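Enquirer:
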Amino acid sequence: MKIIGNKVTFGLEIGEQINSSLRVVNIFIGGENICYEDNHVYLPQFINSISVTAENLRKKIDYYKYINYLKWMSLEEAHNFLLDTSNSESPHYNLENNKLYLCYSIFQWGPTTDDASCFLIPMNDVLYLTYSFPSKANIVGYNSVSGVAITPYEIIHVIENALSELKGLE
106 MKIIGNKVTF
116 GLEIGEQINS
126 SLRVVNIFIG
136 GENICYEDNH
146 VYLPQFINSI
156 SVTAENLRKK
166 IDYYKYINYL
176 KWMSLEEAHN
186 FLLDTSNSES
196 PHYNLENNKL
206 YLCYSIFQWG
216 PTTDDASCFL
226 IPMNDVLYLT
236 YSFPSKANIV
246 GYNSVSGVAI
256 TPYEIIHVIE
266 NALSELKGLE
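All the letters of the sequence shown, read from the start, carry residue numbers 106 to 275 under the working numbering.
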């Protein structure tokens, strides 16, 4: 197994090969493995997905564009509010024509990250990478929001190193 980045903040752990196109990959945020349910990645799709994330982060993203919605919230409240904007039963559903959700949502990497909802949220001049497991909301210990302070450059650095490693394994 090879760790790229670090598990305490943000890191990818590249593990064993399952077959020619499947590989074990664990993704860690704040010391928590966010893909414990399905850590088998289909390399062509996963490589494309993480490449798109890195490219989007390289662009100037205005994390403060919708800050008025989040201004008086705690980190957990902001995360849950953003999550609600994608819930058709929520009064906040499709707020700003889904642009609010898309501005802050990150790591839409297919089945490997389907169980976790992750956002990059600005708060008090710091950017936080948050996650929760909405499908496990009724299970004790899984209904909380966790997060770590991070910069987009740290995420890009980990992704670029992971891309180099994974492309060499294809």
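A virtual CB, placed ideally from N, CA and C, is assigned to each residue, including glycine. None of these values were measured; they are calculated from a predicted model.
#1: Take the Cβ of ALA183 as the centre, count every other Cβ of all protein chains shown within 10 Å, and call the residue buried at 16 or more, exposed below.
#2: DSSP state of CYS208, grouped into three classes?
#3: Are there three or more Cβ pairs, one per stretch, closer than 8 Å when the segment 206 to 223 is compared with the segment 176 to 191?
#4: Taking the straight line between their C-alpha atoms, what separation do you get for LEU117 and VAL231?
#5: Please report the straight-line C-alpha distance between ASN111 and ILE260, rounded to a whole angstrom.
#6: Do ILE132 and GLU270 have their C-beta atoms closer together than 8 Å?
#7: Between which residues of its own chain and SER195 is the CB-CB distance below 8 Å, once the five residues before and five after are set aside?
Expert: According to the structure data:
#1: Of the other Cβ atoms in all chains shown, 16 or more fall within 10 Å of the Cβ of ALA183; this residue is therefore buried.
#2: Helix at CYS208.
#3: Enough Cβ pairs lie closer than 8 Å, so yes.
#4: Straight across, the Cα-Cα distance linking LEU117 with VAL231 is about 23 Å.
#5: Cα to Cα, ASN111 sits roughly 11 Å from ILE260.
#6: No, Cβ-Cβ distance for ILE132 and GLU270 is not below 8 Å.
#7: Answer for SER195: ASP189, listed in chain order.
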